[in-house]
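Read in order, the letters of the sequence shown correspond to residues 0 to 332 in numbering that gives the first Met the number 0.
Glycine included, every Cβ here is placed at the ideal spot set by N, Cα and C.
Data first, discussion second: the structure below is written as structure tokens.
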Amino acid sequence: MEEHSCDLLVIGSGFAGLWAALSAGEAGVRDVAVVDKRSIGLTSQSRMAAGATVYCLPRYDPGLWADTIANANGGLSRRDMVRDMLETSHGRLEVLESWGIEYRRLPLLGYQTMPSRGLEGVRMLVVPGRDGAVGGAAVVGALMEQVRERKRGGDVRLYPRVMITSLLRRDGRVAGAVGVHARTGEPLVFKARAVVLAAADCSFRGGYACVDAVTGDAFRLAYDAGVRLCNMEFLFSNTGSPCYGFEGTGVAARRARFLDRRPESFMKRYRPEGDTAEVCHIVQAMAKEARERNGPPFYFDMSRWPGRYITRRMLMSVGNWCRSTSGGSPRKA
Ligand SMILES: Cc1cc2nc3c(=O)[nH]c(=O)nc-3n(C[C@H](O)[C@H](O)[C@H](O)COP(=O)(O)OP(=O)(O)OC[C@H]3O[C@@H](n4cnc5c(N)ncnc54)[C@H](O)[C@@H]3O)c2cc1C
0 MEEHSCDLLV
10 IGSGFAGLWA
20 ALSAGEAGVR
30 DVAVVDKRSI
40 GLTSQSRMAA
50 GATVYCLPRY
60 DPGLWADTIA
70 NANGGLSRRD
80 MVRDMLETSH
90 GRLEVLESWG
100 IEYRRLPLLG
110 YQTMPSRGLE
120 GVRMLVVPGR
130 DGAVGGAAVV
140 GALMEQVRER
150 KRGGDVRLYP
160 RVMITSLLRR
170 DGRVAGAVGV
180 HARTGEPLVF
190 KARAVVLAAA
200 DCSFRGGYAC
210 VDAVTGDAFR
220 LAYDAGVRLC
230 NMEFLFSNTG
240 SPCYGFEGTG
250 VAARRARFLD
260 RRPESFMKRY
270 RPEGDTAEVC
280 HIVQAMAKEA
290 RERNGPPFYF
300 DMSRWPGRYI
310 TRRMLMSVGN
320 WCRSTSGGSP
330 RKA
């Protein structure tokens, strides 16, 4: 097998993986390998993110925000880790800004913020920009620029299209990983003094907007290597099929309705906000409807949408829906 050695192996190249590679460099680690089963950075869900981000600015109380987030998650999230993320977030904002990322500011008021859905008091900065790119694309662009500079200096090596399939262990520690090249099928071995798993979560908006690579691999890799996992039943779930981009939280839901098999609208019976409820509530409502034998199937009825809203741009922005159902004609779709 083709064999590579490095000090640090980073698996995944979204925000988390790229940031890990750069932070390791800051901490003096010189030989970092970044692998991704797709392109480096470009196909991550990070690049597709809208980019509204929770940063705890100095005027906010990280303890209060950590309580709010922990409570909103039924006490299941690690409050200490959430607090740590919040306390260090302002520092990350400053670093990103030093790389040219600009978050929108209002005259006299400073950063433009918006409420974070379901988290009373927690504010997000609105979509960032850089060199004409916006949102996640702007942030990934800035991170990639830094990573490429480290690559030129010989500190970072990049391995696109290598899917890691298992972690290697030696003396009870993770000592590398095995992968396969997605194009050639050749197996590769990475020996590493340390491994960072940054291969993301499972299925959040998976299956469209180029994020079908987000399939929970990190959990499987960790589990097979002996890690105990918890809260697995609370991974994101989707109400959409893999080739159908709208799942209730997007722009489409403002005028569209979920229908059961009769077909009748049902969301108002479960949530006052009806069809614009959070995905988790839509899933629960569908499960209850299924118990009453009112589904499946469930439908997403867009017939009340005025045609002028259904533009090619809008359909393309939500992924492969128009391509997969209409052969390229959004009007027909
Ligand atoms: C459409 C959309 C909009 C969003 N909007 C927002 C927003 O406005 N604000 C916000 O805070 N969050 C938003 N998010 C969520 C946010 O993008 C993610 O939480 C974040 O990008 C996760 O970063 P990450 O580095 O952990 O994972 P990712 O960016 O998903 O990167 C993981 C990488 O790991 C690679 N990988 C996976 N398995 C393997 C393997 N076995 N071997 C090798 N590589 C592997 C993948 O190819 C991928 O490139 C949005 C997400 C989407 C999809």
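Check	Outcome
So what does DSSP say about F14, is it helix, strand or coil?	helix
Given 7 Å as the limit, tell me if T112 has its C-beta closer than that to any heavy atom belonging to ligand 1.	no
Three-state secondary structure (DSSP) at T214?	strand
Tell me whether A48 sits in a helix, a strand or coil according to DSSP, three-state version.	coil
Count the CB pairs spanning the segment 265-276 and the segment 98-115 that are closer than 8 Å, and state whether there are at least three.	no
State yes or no: is the C-beta of S12 nearer than 7 Å to some heavy atom of ligand 1?	yes
With DSSP as the reference, label E96 as helix, strand or coil.	helix
Less than 8 Å between C-beta atoms, sequence neighbours within five positions excluded: which residues of the same chain meet that for R168?	A174, A224 and G225
Could you compute how far the alpha carbon of Q44 sits from the alpha carbon of C201?	11 Å
In angstroms, rounded to a whole number, what distance separates the CA positions of F299 and L142?	38 Å
With DSSP run on the structure shown, which of helix, strand or coil describes T238?	Caution is warranted here: a pLDDT of 45 is assigned to T238, below 50, making its placement in the model unreliable, and no coordinate value can be reported.
When you compare only the Cα positions, how much space is there between L8 and M123?	32 Å
In whole angstroms, give me the CA-to-CA distance for S76 and R58.	24 Å
Answer yes if the segment 154-169 comes into contact with the segment 26-33, meaning at least three C-beta pairs across the two stretches below 8 Å, and no otherwise.	yes
Can you give the Cα-Cα distance for R116 and A276, rounded to whole angstroms?	11 Å
Taking just the CA atoms, how far does R303 sit from C229?	42 Å
What first and last residue would you give for the beta strand (DSSP E) that runs through V155?	V155 to Y158
Are three or more beta carbon pairs between the segment 134-149 and the segment 45-56 nearer than 8 Å?	yes
Is any non-hydrogen atom of ligand 1 found closer than 7 Å to the C-beta of G16, if you look at the structure I gave you?	yes
Would you mind listing the alpha helix (DSSP H) stretches within the segment 124-182 that are 4+ residues and don't spill past its ends, in chain order?	134-151
Between the alpha carbons of C55 and G90, how many angstroms are there, rounded?	10 Å
Tell me the DSSP secondary structure of E1 in three-state form.	strand
Using a Cβ-Cβ cut-off of 7 Å (strictly less than) and excluding sequence neighbours within five positions of S4, which residues of its own chain qualify?	K190
Locate the alpha helix (DSSP H) running through P61, then write down its first and last residues.	P61 to A71
Hey, how far is the Cα of A65 from the Cα of M80?	9 Å
With DSSP collapsed to three states, give me the class of M113.	strand
Quick one: measure Cβ to Cβ for D216 and A198, integer angstroms, because I've assumed they're closer than 8 Å.	5 Å
Nearest to S22 by alpha carbon, out of E291, R149, E101 and D83?	R149
Of the choices E101, L63 and M285, whose alpha-carbon is the least far from that of D130?	E101
Taking the straight line between their C-alpha atoms, what separation do you get for W98 and I281?	40 Å
Can you check which of these residues, P61, L41, G62 and R78, is closest to A69 by C-alpha distance?	R78
When burial is assigned at 16 or more other CB atoms within 10 Å of the CB, is F14 buried or exposed?	buried
Quick one: measure Cβ to Cβ for V125 and M113, integer angstroms, because I've assumed they're closer than 8 Å.	6 Å
Just the Cα atoms here: how many angstroms apart are G11 and S165?	14 Å
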